[in-house]
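K.L.:
Please read through the structure below; I'll follow up with questions.
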Amino acid sequence: MPLIKIDDKEIEVEKGITVLQAAIDERIEIPYYCYHPALSIVGSCRMCLVEIEGMPKLQVSCNTTIGELPPERKKDGKYDMIVRTQTEIVKRERENVLEFLLLNHPLDCPVCDQAGECYLQDYSYKYGRAHSRFLEEKRVRKNEYLGSNVIINHNRCIMCTRCVRFTREISGTNELFVQARGDVSKISIFEDKSLDNMLAGNVIDICPVGALLSTDYIHKNRFWNLEAKKSICTDCSVGCNILVYSQNNRIYRLNARENHNVNGYFICDIGRYGFHRYEDAEKVTSPLIRSDGGFKPISWEGALKEIYEQFSMSMSGEKQQIVGIASPFHTNESLFMFGRLMNNIFKDKSIIGKLPFIEDYEIHFDSGFRISKDRSPNRKGLLDFCPNLEDEILQKVKAGEVRLCYALDDGVDRKLDEEWESFFKSQRFLVVQTYAMTPLAKLAHLILLGPSPMEREGTMTNDQGRIQWLNPSVSLTNKTRPDWEIIMEFMNTVGKRELKYTSVNEVNLEMGERFPDYRGRTFFKIGYQGLPKKNITTSRPSEGRQAIQ
Amino acid sequence: MAQNRTFKFTNPQRVEKILSQYPDKRSATLPLLHLAQEQEGYLTSAAIEAVAELVEIHPGEMMDTVSFYTMFYTKPMGKNHVQVCQTLSCSLNGADSLVDHISEKYKIAHGDVSQDGKISLVKVECLGSCDTAPVIRINDSNYESMTVEKFDKIVESI
Amino acid sequence: MASFEPILTRHIHREDSHTLSGYKNVGGYKALEKMFKTMAPDEVIEEVNASNLRGRGGAGFPTGVKWGFIPKDSHKPTYLICNADESEPGTFKDRLLLNKTPHMMLEGMIISSYAIDCHLAFIYIRGEFYQEHKILEKAVEEAYATNLLGNDILGSGFDLEVVIHRGAGAYICGEEMGLIESLEGKRGWPRIKPPFPAIEGYLRCPTIVSNVETLACLPHILNRGADWFKSIGSEKGSGPKLYCISGRVNNPGVYEEPLGILLTDLIFKRGGGLIDGRELKAVFPGGSSSAILRADEIDGLRMDFDSLSAAKTMLGSAGIIVMDETVDMVSVCLNIARFYAHESCGQCTPCREGTTWLVKILNRIYQGNGSLNDIDMIFEITDNIGGLIDFSKGSFGKTICPFGEAVAWPIRSFVEKFKDEFIAYVAKGVEVS
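Here it is, written out as structure tokens:
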């Protein structure tokens, strides 16, 4: 392996990587604009110039690969390359490039959405010159729509072409191009062929300056007001890693978060703008009980009392059937608890089912990015923790028997067809755990208020078997209780258990005890990048049932 | 901009010949654009899309190429498209007064087409005929050692 | 001046010099026959290496050495591209060859292709060269008809297809990586090196890009031998060279002379001196991308790669533009700056932004609104676009392609060498206001 020196730091690097990659890995800052690890190298911004011993001129570090020198040609007797990133000439060069970039820039940071997370700002602050020498008139152009959700401010654009390369190399949709040449060149679209693809929003994320703007977020908030939470997307079973930006419990925007085992650097627009669905939904704000054809609020104590009255009867031998409807939208911890409730408390009186999976087109991009046809986040977890799931629950449920039903609601995406509607209507008592007045909630006798997907916490298992942490991006509102806790109370009430988990982590630990595939998959272990399941057991129903019992 | 909605090459054999000359389709871009422009005088959106389809790229990528080159026009030029070289050797030998003359006579500036559509004017960079400066180009022919008088005569004759 | 017998242009005055028969009548395609009969590809490379032929496009890189960069173990096809995208201001030598003796270049292409094992070659001809394109098309047609191109050329077993490819108006496509991108159907944004074209060029295959004049030298080298070629000119650069003379001279035109001829001989003997007997003020020795020379700097200066770089300028394309005492250097500098701003491809930050900035400042000075500070600024900006120029160590370019240097050198040299004229403009502005 080549041994190089960047400034004072000796580094052993993999042969063939670039100086910039080596520096990034070592957290040595070399400023850059046009380089992006997921895109081809163009070397045009000229910001990442460094001094390399033995080379007559400065080199762009993004396109300088590190090789091995024969022993007699090693620098200082041992190095394959000596790189300097802090010399006077390098500093002057950065200053010069920044001066060029700012010549025609409007310097309108006070009204720019990128302010606070702008590489033009940051590098100017760090490496730029303090005053402008440009006495001429600036080049001024109007903003334009590139697509339904993306606006370009040409005046702030530095022509790094990351966005153009993104549409060619990642989305493969090719909408963006460079129009004309020289200093009149600009990013453009061809007539009505606008930037409207499933990955379009990523160009806003990868734009290093405030040129590409989201119509969804424009002028809504300032970056420094926002709190960023590392979480995962719940809009399909890929489980892309995201950053959720919020202030005062309101979500403002979602960005992609890097995870090379899942989504690389990007997310799709379904996930990016999906959080609005929860804002638009008719929210449930308290546990509710049916009353005079409508609902009225009920306290948690009242709700549990109601559950006790309805369900504990079933424990006393009366021939009843308990139907549990589990959901692939819920966390592993909730599903684990749900499985315990059904299998350990109601035992053979219970039957667990689910509504049909919500599916849509599977979308594959040549770059490897994928949107799953399974538009629920945790089908794998559902199958792991409710291994005795009945596929044909509508047929299996015996006619004529008294039926009690406890359903974890899929949420706002769930629609009910007539068959399912009449199934739920035929229940003697229907408890629905949800956050919104969904079609299913409307049929309930009792609504238990659980968190929305942005409030949930716990693990999800994506379709590759990777266990990832769903981090709540906003905190729970007053009367909402975590799903696992509600189920725990259900167990304590009906099954006379004395479970006292105080956090989702405790449930997670217990879950690991009983399901070896999930052992040690605690938040502490999996962190923000997730870990694969252990695959100690396969989730065959029989084994699964043993694990529960 | 009124543009033809459809475009069809009138010489499909020529198109086939061009495509067959290159190891990949996209390399045929420039010759196909030249051919389309010869046919219609300029590159309509439909023509750009047609060429893009032939070489199997997105029309946006095709526009990326088209807009880079000064010899491709995306709007109609005059019947006689006058290109005056303004680079050094021509400038040293009187190119500026030629531009002034044409601008005044036809009431057009750089990039304009005269009202009757007969003359359009662009200032261009070095045409590689510096020994016979100043040089102008009308459509595809160069006219060398130009003077204002010579220019007027040439325009009359074509 | 020692007598020199023109080689490349010897027969161009003949009416049929551009036809196949015309070319054959004066010994054309004899080198090809000789090569196929007596030489292996490696021997051709050796001969060209021995001839010390350096590229005539501007950079002056040794042709044989360039050929040697092609990977020996590559399974990809090798391509040859003839660079006929002549667009350097003040340069019109390739155009002459294309017009008058296209077969000489074609013969050179076949020789070069044979040497590098290329079976598909391109001629990238400047879009504006319409007549030349027609002539070239005819020449290629004739060559195919007589089995000088196509399969099994002259029974040698060697196959070669030649495709003429027209550019569409972009100076930067004369740069080899810009040219390759353009040939691929893209905008002519020069691709970053490495990899170099000899390793990954056209369609990421090994590619050699050679200038028209360079290729036209090849038949003569094979015909008369490397030693003969080397004997022409000086140690520092051998062979015949086409010089273009334009601007304020009595006899502008292309003149063939050995490398290393005196610049003064070119201007005053070949070029016939200055119009109306005026005084010489300044001259571009190698197209507008070379640093300008003042009249007092040219005495004894020889036109070859090394002598000119010692004089802090370059041979470039050998486009000599002559300016007399009446020429306003501020306006010429503005003219040149405009050219580069118009032709900057816009890819690299310093070139895209800097060229237009220079035009704006120069225009302001020209309009009488400049200040002395502006003059210093021009120095700094040219340095920031093109790099600090140290001729002992080579150029310090700061952009992907040498365009940045091509802007910086001339603009800087104008302000450096004719500073008094710039100051006068500033002073005039001060007076007016």
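Chains as they are written, first to last, in the numbering used here: chain A, 302 to 850; chain B, 1393 to 1550; chain C, 821 to 1253.
No residue lacks a Cβ here, since even glycine has one placed at the ideal position from N, Cα and C.
Please read these numbers as outputs of a predicted model, since none were measured by experiment.
#1: Just the C-alpha distance for residue 1074(C) and residue 831(C), rounded to the nearest angstrom, thanks.
#2: Can you pull the chain A neighbours of residue 1452(B), defined as C-beta to C-beta under 7 Å?
#3: May I ask you to report which of helix, strand or coil DSSP gives residue 537(A)?
#4: According to DSSP, what are the bridge partners of residue 1066(C)?
#5: Suppose you measure from the CA of residue 352(A) to the CA of residue 392(A); what does that come to, to the nearest Å?
#6: For the candidate residues 841(C), 888(C), 1151(C), whose alpha-carbon lies nearest to that of residue 862(C)?
#7: With a threshold of 16 other CB atoms inside 10 Å of the CB of residue 1507(B), please say whether the residue is buried or exposed.
#8: What span of residues does the alpha helix (DSSP H) with residue 1037(C) cover, start to end?
#9: Give the secondary structure of residue 1235(C) by DSSP, where H, G and I count as helix, E and B as strand, and everything else as coil.
#10: Does DSSP put residue 949(C) in a helix, in a strand, or in coil?
#11: Would you kindly report the start and end of the unbroken alpha helix (DSSP H) that includes residue 904(A)?
#12: Looking at the structure shown, is residue 939(C) part of a helix, part of a strand, or coil, going by DSSP?
#13: When the distance is taken between beta carbons, is residue 474(A) closer than 9 Å to residue 447(A)?
#14: Give me the Cα-Cα distance between residue 1466(B) and residue 339(A), rounded to the nearest whole angstrom.
#15: I need the DSSP call for residue 1211(C), collapsed to helix, strand or coil.
#16: Would the stretch 1021 to 1037 of chain C count as touching the stretch 917 to 935 of chain C if we require 3 or more Cβ pairs under 8 Å?
#17: Under a Cβ-count criterion, where at least 16 other Cβ atoms within 10 Å of its own Cβ denotes burial, should residue 1106(C) be classed as buried or exposed?
#18: What does the alpha-carbon distance come out to for the pair residue 571(A) and residue 708(A)?
#19: Who are the neighbours of residue 1547(B) on chain C, taking C-beta pairs under 7 Å?
#20: Count the other CB atoms, across all protein chains shown, that sit within 10 Å of the CB of residue 566(A); report buried if there are 16 or more and exposed otherwise.
#21: To which residues of the same chain is residue 335(A) closer than 6 Å at the C-beta, ignoring the five residues directly before and after it?
#22: Alpha carbon to alpha carbon, how far is residue 908(C) from residue 1108(C)? Give it in angstroms, no decimals.
#23: By Cβ distance below 7 Å, which residues in the same chain neighbour residue 787(A) in space, the five residues on each side in sequence not counted?
#24: Tell me, please, whether the CB atom of residue 1459(B) is closer than 9 Å to any CB atom in chain A?
#25: Just verifying my parser: in three-state terms, what is the DSSP assignment at residue 325(A)?
#26: If you measure between the beta carbons of residue 1118(C) and residue 1081(C), is that distance less than 9 Å?
#27: Which value, in whole angstroms, describes the spacing of the CA atoms of residue 1442(B) and residue 1400(B)?
#28: In terms of residues, what are the limits of the alpha helix (DSSP H) holding residue 1422(B)?
#29: Based on DSSP bridge pairs, tell me the residues matched to residue 1060(C).
#30: By DSSP, does residue 1127(C) sit in helix, in strand, or in coil?
#31: Could you pull out every residue in the same chain whose Cβ sits closer than 7 Å to the Cβ of residue 1212(C), ignoring the five residues on either side in sequence?
#32: Closer than 6 Å by C-beta to residue 1066(C): which residues in its own chain qualify, once you throw out the five before and the five after it? Chain order, please.
#33: Which residues, taken in chain order from the stretch 1455 to 1482 of chain B, show a beta carbon closer than 8 Å to some beta carbon of chain A?
#34: Relative to the alpha-carbon of residue 1122(C), which residue among 1057(C), 1093(C), 1144(C), 997(C) has its alpha-carbon at the smallest distance?
#35: Name the chain A residues whose beta carbon is nearer than 7 Å to that of residue 1437(B)?
#36: List the residues that DSSP assigns as beta-bridge partners of residue 307(A).
P.N.:
On the basis of the data shown:
#1: Taking the third sequence and counting its residues from 1, the one referred to as residue 1074(C) is at position 254. Taking the third sequence and counting its residues from 1, the one referred to as residue 831(C) is at position 11. Near 14 Å, if we compare the C-alpha coordinates of residue 831(C) and residue 1074(C).
#2: Counted from its first residue, the second sequence places residue 1452(B) at position 60. Result: 475, 476, 477, 478, 490, 491, 494.
#3: Taking the first residue of the first sequence as position 1, residue 537(A) is located at position 236. Looking at residue 537(A) - three-state DSSP - the assignment turns out to be coil, as it is neither helix nor strand.
#4: Translated into the one-based positions of the third sequence, residue 1066(C) becomes position 246. According to DSSP, residue 1066(C) bridges with 1141(C).
#5: In the first sequence, residue 352(A) corresponds to position 51, counting from 1. In the first sequence, residue 392(A) corresponds to position 91, counting from 1. Rounded to whole angstroms, residue 352(A) to residue 392(A) spans 10 Å at the Cα level.
#6: To locate residue 862(C), count along the third sequence from 1; it is residue 42. Minimum Cα distance to residue 862(C) is reached at 888(C).
#7: To locate residue 1507(B), count along the second sequence from 1; it is residue 115. The residue in question, residue 1507(B), is exposed, as its Cβ has fewer than 16 Cβ neighbours within 10 Å.
#8: Working through the third sequence from its first residue, we reach residue 1037(C) at position 217. From DSSP, the alpha helix (DSSP H) with residue 1037(C) extends over 1032 to 1044.
#9: Mapped onto the third sequence, residue 1235(C) falls at position 415. Helix at residue 1235(C).
#10: Position 129 of the third sequence, counted from the start, is the residue given in the question as residue 949(C). If DSSP states are grouped into helix, strand and coil, residue 949(C) belongs with coil.
#11: Missing from the structure shown is residue 904(A); chain A here goes from 302 to 850 and no further.
#12: Here residue 939(C) refers to the residue found at position 119 when the third sequence is read from its first residue. Of the three classes helix, strand and coil, the one that applies to residue 939(C) here is strand, per DSSP.
#13: Counting from one through the first sequence, the residue named residue 447(A) turns up at place 146. Counting from one through the first sequence, the residue named residue 474(A) turns up at place 173. No, the pair does not count as a contact, with Cβ atoms beyond the cut-off.
#14: The sequence position of residue 1466(B) within the second sequence is 74, counting from 1. The sequence position of residue 339(A) within the first sequence is 38, counting from 1. Approximately 34 Å, taken between the alpha carbons.
#15: On the third sequence, residue 1211(C) is found 391 positions in, with the first residue counted as 1. Unreliable positioning characterises residue 1211(C) in this predicted model, as indicated by a pLDDT of 47, which lies under 50. A coordinate reading is not provided.
#16: yes
#17: Residue mapping note: residue 1106(C) aligns to position 286 of the third sequence, counting from 1. It is buried - the Cβ of residue 1106(C) has at least 16 other Cβ atoms within 10 Å.
#18: Taking the first residue of the first sequence as position 1, residue 571(A) is located at position 270. Taking the first residue of the first sequence as position 1, residue 708(A) is located at position 407. Taking the straight line joining both Cα atoms gives about 26 Å.
#19: Taking the second sequence and counting its residues from 1, one reaches residue 1547(B) at position 155. Chain C residues near residue 1547(B): none, gap ~19 Å exceeds 7 Å.
#20: Position 265 of the first sequence, counted from the first residue, corresponds to residue 566(A). Its Cβ being crowded by 16 or more others within 10 Å, residue 566(A) is buried.
#21: Position 34 of the first sequence, counting from 1, holds the residue named residue 335(A). Contacts found: 343, 345, 346, 461.
#22: As a first step, residue 1108(C) is located in the third sequence; it is residue number 288 there, counting from the start. As a first step, residue 908(C) is located in the third sequence; it is residue number 88 there, counting from the start. Taking the straight line joining both Cα atoms gives about 7 Å.
#23: Here residue 787(A) refers to the residue found at position 486 when the first sequence is read from its first residue. Excluding residues within five positions, the ones whose Cβ falls inside 7 Å are 734, 749, 751.
#24: Position 67 of the second sequence, counted from the first residue, corresponds to residue 1459(B). Cβ-Cβ to chain A under 9 Å: yes for residue 1459(B).
#25: Position 24 of the first sequence holds residue 325(A). In this structure, residue 325(A) counts as helix in the three-state DSSP scheme.
#26: Position 298 of the third sequence, counted from the first residue, corresponds to residue 1118(C). Position 261 of the third sequence, counted from the first residue, corresponds to residue 1081(C). Cβ distance not < 9 Å, so residue 1118(C) and residue 1081(C) don't count as in contact.
#27: Stepping through the second sequence from its first residue, residue 1442(B) is reached at position 50. Stepping through the second sequence from its first residue, residue 1400(B) is reached at position 8. One C-alpha to the other measures close to 8 Å.
#28: Stepping through the second sequence from its first residue, residue 1422(B) is reached at position 30. Segment 1421 to 1432, the alpha helix (DSSP H) holding residue 1422(B).
#29: Numbered from its first residue, the third sequence carries residue 1060(C) at position 240. The partner list for residue 1060(C) (beta bridge, DSSP) reads 1078(C).
#30: Stepping through the third sequence from its first residue, residue 1127(C) is reached at position 307. Residue 1127(C): helix per DSSP, three-state reduction.
#31: What you label residue 1212(C) is simply residue 392 of the third sequence in a count that begins at 1. At residue 1212(C) the pLDDT is 48, less than 50, meaning the model places this residue with poor confidence; the figure from the coordinates comes in the next sentence. Result list for residue 1212(C): empty, nothing under 7 Å.
#32: For the purposes of this step, residue 1066(C) is taken as the residue at position 246 of the third sequence. Cβ neighbours of residue 1066(C) beyond the five flanking positions: 910, 1072, 1141.
#33: 1455, 1456, 1459, 1460
#34: In the third sequence, the residue the question calls residue 1122(C) occupies position 302. Nearest C-alpha to residue 1122(C): 1057(C).
#35: Along the second sequence, read from residue 1 onward, the residue named residue 1437(B) stands at position 45. Going along chain A in sequence order, the residues near residue 1437(B) (Cβ under 7 Å) are 492.
#36: On the first sequence, position 6 is the one that residue 307(A) refers to. Note: residue 307(A) sits in a beta bridge opposite 310(A), 384(A).
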